[in-house]
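Chemist: Protein chains in written order, with my numbering: chain A, 3 to 884; chain B, 202 to 310. For each residue, glycine too, the CB sits at the ideal point set by N, CA and C.
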Amino acid sequence: MPRIPGIRRVFRIALRSGQPSAEIEDELRFHLACRVDELVASGTGETEARRIAQREFGDFHRYREHVLAIDRQSAREREMRLTFESVRDDLRHAARVMIARPGFTLVAVSTLALGIGATTAMFSAVSGVLLRPLPYADVDRIVHLGERELQQPGRGGTTSWDNFRDWRQMSRSFAAMGLYNTWASTLTGHGEPQRVQIAGVTAGMLDVFHVRPMLGRAFTDADNVDGAPAVAVVSWAFWKSKLGGDSGVIGRTLMLNFTPIEIVGVLPERFTPPASLDRPIWVNFSDDTDGRGGRSKNVYALLRPGVTVEQAQAEMAAIAERLAVQYPRENAGSTVVVDLLADRIVGDVRRPLYLLLGASALVLLIACANLSNILLARGVVRRQELAVRTALGAARRRIVRQLLTESFLLALVGSACGVLLARLAVTALAAMGPDVFRARPPSIDPAVLGVALGTSVATTLLFGLLPALRSVPRDPHAVLRGTSVRGGGGRTSWTRASLAVLQLSLAATLLFASTLVIASFARVLRVDPGIRGDHLLTMTVSLPRARYDSTRSTAFYQELEERIDATPGVRGVAFASLVPFGGDFDRIGISRIAGEPERQGSDMPEADRYIVTPSWFATMGVRLLRGRLLSSSDRIDSTPACLVDEVFARRVWGDRDPIGQAMKLPGRDDYATIVGVVSHVKTYGLDIDSPGQIYMSNAQYPWRWMSMVIRTAGDPASFTSTATRIVHSLDADEPVSDVRTMDELMANLLRARRFTLTLLGAFAGVAIALAIIGLYGVIAYGVAQRDREFGIRLALGARPRQIARLVLGEGARIAVAGAVLGTLGALAMGRVESSLLFEVSPHAPSALAGVMAGLVGVALVACLVPARKAMAADPSDVLRRD
Amino acid sequence: MPNSLDLLQGTLDLLVLRTLAREAMHGYTIARLIKERSSGVFLVEEGALYPALHRLERKGWVESEWGISENNRKARYYQLTAAGRAALRAQMTEWNRYTRAVAGVLQPA
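1) Taking Leu829/A as the reference, which of Leu808/A, Lys299/A, Ala851/A, Leu152/A has the closest Cα?
2) Mind checking who Tyr673/A pairs with in its DSSP beta bridge?
3) With C-beta atoms as the reference, is Cys644/A less than 8 Å away from Tyr697/A?
4) Using 10 angstroms around the beta-carbon of Asn273/B, count the other beta-carbons present and answer buried if the total reaches 16, otherwise exposed.
5) Could you name the residues of the stretch 75-94 of chain A whose beta carbon sits closer than 8 Å to any beta carbon of chain B, in the order they occur along the chain?
6) Counting along the chain, where does the alpha helix (DSSP H) carrying Gln386/A start and finish?
7) Distance check for Ala371/A and Leu512/A, CA to CA, integer angstroms please.
8) Tell me the residue span of the beta strand (DSSP E) that contains Leu221/B.
9) Is there at least one Cβ from chain B nearer than 8 Å to Ile54/A's Cβ?
10) Using a cut-off of 7 Å between C-beta atoms, extract the partners of Asp73/A located in chain B.
11) With DSSP collapsed to three states, give me the class of Asn165/A.
12) Where does Ile54/A fall in DSSP's three states?
13) Considering only the beta carbon of each residue, do Arg277/B and Trp262/B sit closer than 8 Å?
14) Is there a C-beta anywhere in chain A that falls below 8 Å from the one on Ala222/B?
15) So the beta strand (DSSP E) Leu631/A belongs to, where does it begin and stop?
16) When the cut-off is 8 Å and only beta carbons count, does Asn272/B lie next to chain A?
17) Do three or more CB pairs link the stretch 398-418 of chain A to the stretch 86-102 of chain A at distances below 8 Å?
18) Output the distance between the C-alpha atoms of Pro802/A and Glu812/A, rounded to the nearest integer angstrom.
19) Under a Cβ-count criterion, where at least 16 other Cβ atoms within 10 Å of its own Cβ denotes burial, should Met434/A be classed as buried or exposed?
20) Given this structure, state the Cα-to-Cα distance separating Gln21/A from Lys260/B, to the nearest angstrom.
21) Do three or more CB pairs link the stretch 213-223 of chain B to the stretch 23-32 of chain A at distances below 8 Å?
22) Helix, strand or coil for Gly130/A per DSSP?
23) Flag Pro868/A as yes if its beta-carbon sits less than 8 Å from any beta-carbon of chain B, otherwise no.
24) Who are the neighbours of Ala249/B on chain A, taking C-beta pairs under 8 Å?
25) Using a cut-off of 8 Å between C-beta atoms, extract the partners of Tyr229/B located in chain A.
26) I'd like to check one pair, Gly228/B with Gly60/A: are the Cβ atoms closer than 8 Å?
27) Can a CB atom of chain A be found closer than 8 Å to the CB of Arg238/B?
28) Tell me whether the beta-carbon of Phe840/A lies closer than 8 Å to the beta-carbon of Val526/A.
29) How would you label Arg37/A, buried or exposed, when you count the other beta carbons within 10 angstroms and need 16 or more for buried?
30) With three or more C-beta pairs closer than 8 Å as the rule, is the stretch 205-221 of chain A touching the stretch 177-184 of chain A?
31) So, helix, strand or coil for Gly489/A, using DSSP?
32) So Val575/A and Ile368/A are supposed to be a Cβ contact under 8 Å. How far apart are they, rounded?
33) Within 8 Å of any Cβ in chain B, is that where the Cβ of Val69/A sits?
34) DSSP state of Gly202/A, grouped into three classes?
35) Using a Cβ cut-off of 8 Å (strictly closer), state whether Asp447/A contacts chain B.
36) Rounded to the nearest angstrom, how far is the Cβ of Arg157/A from that of Ser837/A, given a contact under 8 Å?
The following block contains the structure:
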């Protein structure tokens, strides 16, 4: 067979542009043609030659398709490799750019980190507190049932055992229903005697939450009848820590208030009951002596499948009406409210949290605008570099992609720093947040992380796109010749000014929002609490019934008061059945006032009952307005006396003098005479109305659970150990609990308000700082770009002062535009946050004007530095440069 | 595809690489040379050469470009890349080891 002579490639042709399938066809046909040529040359007939060639080759179609498939595959692979390589190159280049300009990178990254950090922290709070479902099965069917007065809005409160039993019997909407009340008892036999929180719980409560005891049994209806023996179901944590996790614990006894109680059940580990039901020991609810009017119990219920909250609400309202007719004395004017458990737990924080999330989003927006502005400014600086690359043939698209990659890398680094910031912030949030944050702590889980990364990448690309498009010169040669307008022309500076206006207006909105909240807080703090809260220490000293009858308890408290009073550093000491601002209340309704017809239901004037020792008023700083205070001459054998506060007095007697009036207090058959009127105490918190107070002496109304308040000369908290020692010197078995300073208690009630205020204030501060930096950047950059113009103006005889006015004028235009837009935002914001305000109008004109004037002022100050620089432009230097 | 074809493919790849070792050529020349040197033992169908060539190209062992053949037709020329040369060396070593081993077993003791 003749050897094919070496082929000289005369020239090469680029045929690559042709269809791949056509190329393969050509290649294979060439093979056949060569073979046919060869055969014909050796004397075979053409038809025969073609036949032989085809046979030797095999199935032409099959090979063509096979080759085509291989080529397609390699085309795909090449594409992917190229993409990967170019992305990698872009990233590498972007990283080099970032490292080459550490100042720029630092500013950009920290700006983004602030925005992302704020948003991520707030989102983690929203996600952890609001979005995460409660840990109960069928949580959207668990409701709270409670009574409230017909005319008053709001959630349901507590109810009585008698009403609960009627509800359970009359209603059809619920699959299960349970009632509980709470108190504290002394637990002995497990080390030091201690106060433990107890809940008295009925059968059915565990059914509401679909929970079964891990050991033993739940309460049954037999446990709730009068005279049923006391039994206990303990929490898993109590079982583990106090009972050694012993599985044979059922049938053993606990000593509560020096009385043995049999343990019949242990709750499972994963069950955390809501709110005040979450107590280490549950005992069976029985022997209710409070009657139908004794509304101190909470009720949870499970809706029957398919029954809505509205249907249940309608049914319960009807039942309440029937009970009001049947028992007008206790139930007139009262209705029942059905609330979803979830709403009760997080309802109060929902609005503030969403508001704060919105505020953090505005901070992020401002941060992004800032970033956009920085990128724009840098794009102008890099015009020369980009023009060179464009002139050398880089496609515009390619350069835009490169710039976006730089933004992307900034976003990644910025959001990583932001998430770190958020982690720190979340710990602080959990510590300072409202109480619900402790049960449902915010945390940065994968979902939060995903949202953070997504947000940062999306925003950065969005805000990086404009600068990227702007930075790539349309006419690179003009840039290179130096004939292009320096400073990027009017369009870019207009864009940057608009961004600055946007930033300022958003910052103004936030500033106004936080001003309103701060003003509200200042108003709240200015409210007279009715007591002097400083230098007060409070603690509870309760006496078990088994060892103290009423005579002994009165004597104990008197002895303790004398001993504490005699201690150096004590300015005053007193006992009371309730601590104001402590979150507890003891509301009583007055049914009989001497000389008036009997009152029923919601007609009964209500007040909180305070049973106190006579030194209470001097110790707490409650002022006497009329009449006299309680004194040691009000004894068990003298006429019962009481004091009322000014609010209660005005509500019941109006302008008439209450002194000398008599009223019947619950639990007593005789009338107590009002001997004096004292100042009102805002016992529920400075920003909440309280119904007023009625004071009685513990000498006439013996009370077993007393709290002690001590006014100290020095730091009240440091007096704790001395006070505890004195209590134990009287009775070594007496536990001291709930040790708090009055300042702590009062601050605690303002926690949610302080939380909102702190965060909103911080966001506003960051927003203003970013916006002012943004404005400064725009003006300073404008001045740097226009130094030639300023030089010429100065050379032509303009005064430096006129130049400065020019610069300041530009800053002022931006600031005023920002303030005008900001005012619109602020008015909208005020409406959103109106529920968080206290005696402050959501569109307080003076506050609005003040904020906007302040903003413009600060903005102008920020422009002073560039203005001074413009004034200092040296005409000769500037003119020499060109 | 049956496994025997895989073996054939691997062997065919080696033959193609070896044939291209000295100079660039188009598919027809490659087919002629293999047929000639093997006295017609291999390559039952000449068409099977082309999937092999494109596969080698995908691996980056050969590269191709269009040129004009001496009979004035446009033809696709293949040549070894550096990676292809390295692969050829490695495969030849492997092949030699293999045939020696097989021969060692087959030879009478």
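Modeler: The structure says:
1) Sequence index remark: in the first sequence, residue 829/A carries index 827 (1-based). If we check each option's Cα against that of Leu829/A, Ala851/A comes out closest.
2) For the purposes of this step, residue 673/A is taken as the residue at position 671 of the first sequence. Paired residues: Lys666/A.
3) Start at 1 with the first residue of the first sequence, and residue 644/A comes out as number 642. Start at 1 with the first residue of the first sequence, and residue 697/A comes out as number 695. Going by C-beta atoms, Cys644/A is nearer than 8 Å to Tyr697/A.
4) Here residue 273/B refers to the residue found at position 72 of the second sequence. Exposed: under 16 other Cβ atoms inside 10 Å.
5) Gln75, Ser76, Glu79
6) For the purposes of this step, residue 386/A is taken as residue 384 along the first sequence, with counting starting at 1. That run of the alpha helix (DSSP H) goes 385-393.
7) Residue mapping note: residue 512/A aligns to position 510 of the first sequence, counting from 1. Residue mapping note: residue 371/A aligns to position 369 of the first sequence, counting from 1. Their backbone Cα atoms lie some 16 Å apart in a straight line.
8) Locating residue 221/B in the second sequence gives position 20, counting from the first residue. Run containing Leu221/B: none; DSSP gives neither H nor E here.
9) The residue you call residue 54/A lines up with position 52 of the first sequence. Ile54/A does not count as touching chain B.
10) Your numbering for residue 73/A matches position 71 in the first sequence. Near Asp73/A (Cβ distances below 7 Å), the residues of chain B are His255.
11) For the purposes of this step, residue 165/A is taken as residue 163 along the first sequence, with counting starting at 1. Three-state result, Asn165/A: helix.
12) Along the first sequence, read from residue 1 onward, the residue named residue 54/A stands at position 52. In the structure shown, Ile54/A sits in a helix (DSSP, three-state: H, G or I).
13) Within the second sequence, residue 277/B is the residue found at index 76, counting from 1. Within the second sequence, residue 262/B is the residue found at index 61, counting from 1. Not in contact: Arg277/B and Trp262/B (Cβ atoms no closer than 8 Å).
14) Translated into the one-based positions of the second sequence, residue 222/B becomes position 21. Judged by the 8 Å Cβ criterion, Ala222/B is not in contact with chain A.
15) Here the question's residue 631/A lines up with position 629 in the first sequence. Looking at the DSSP string, Leu631/A is not in any beta strand (DSSP E), and its letter there is neither H nor E.
16) Position 71 of the second sequence, counting from 1, holds the residue named residue 272/B. True, the Cβ-Cβ gap to chain A drops below 8 Å.
17) yes
18) Position 800 of the first sequence, counted from the start, is the residue given in the question as residue 802/A. Position 810 of the first sequence, counted from the start, is the residue given in the question as residue 812/A. Rounded to whole angstroms, Pro802/A to Glu812/A spans 16 Å at the Cα level.
19) As a first step, residue 434/A must be located in the first sequence, where it is residue number 432. Under this definition Met434/A is an exposed residue.
20) Taking the first sequence and counting its residues from 1, one reaches residue 21/A at position 19. Taking the second sequence and counting its residues from 1, one reaches residue 260/B at position 59. Each residue's Cα considered, the two are about 21 Å apart.
21) no
22) Along the first sequence, one-based indexing puts residue 130/A at 128. If DSSP states are grouped into helix, strand and coil, Gly130/A belongs with the helices.
23) By one-based count along the first sequence, residue 868/A stands at place 866. No, because no Cβ of chain B sits closer than 8 Å to the Cβ of Pro868/A.
24) Numbered from its first residue, the second sequence carries residue 249/B at position 48. Chain A residues near Ala249/B: Gly60, Tyr65.
25) Locating residue 229/B in the second sequence gives position 28, counting from the first residue. Under the 8 Å cutoff, chain A gives Ile6, Phe32, His33, Cys36, Arg37.
26) Within the first sequence, the letter at position 58 stands for residue 60/A. Within the second sequence, the letter at position 27 stands for residue 228/B. No, these two residues do not count as a Cβ contact at 8 Å.
27) Position 37 of the second sequence, counted from the first residue, corresponds to residue 238/B. Cβ-Cβ to chain A under 8 Å: no for Arg238/B.
28) Walking along the first sequence from the start, residue 840/A turns up at place 838. Walking along the first sequence from the start, residue 526/A turns up at place 524. Their beta carbons are under 8 Å apart, which means Phe840/A touches Val526/A by this criterion.
29) Residue mapping note: residue 37/A aligns to position 35 of the first sequence, counting from 1. Arg37/A should be labelled buried.
30) yes
31) Within the first sequence, numbered from 1, the residue matching residue 489/A stands at position 487. Only weak support exists for where Gly489/A lies, its pLDDT of 46 falling under 50; the coordinates are left without a value.
32) To locate residue 575/A, count along the first sequence from 1; it is residue 573. To locate residue 368/A, count along the first sequence from 1; it is residue 366. Rounded, the Cβ-Cβ distance is 54 Å, inconsistent with contact.
33) The residue labelled residue 69/A in the question sits at position 67 within the first sequence. Yes, because at least one Cβ of chain B sits closer than 8 Å to the Cβ of Val69/A.
34) By one-based count along the first sequence, residue 202/A stands at place 200. Of the three classes helix, strand and coil, the one that applies to Gly202/A here is strand, per DSSP.
35) As a working note, residue 447/A is residue 445 in the first sequence. No, because no Cβ of chain B sits closer than 8 Å to the Cβ of Asp447/A.
36) Here residue 157/A is taken as the residue at index 155 of the first sequence, counted from 1. Here residue 837/A is taken as the residue at index 835 of the first sequence, counted from 1. That pair is no contact at about 15 Å.
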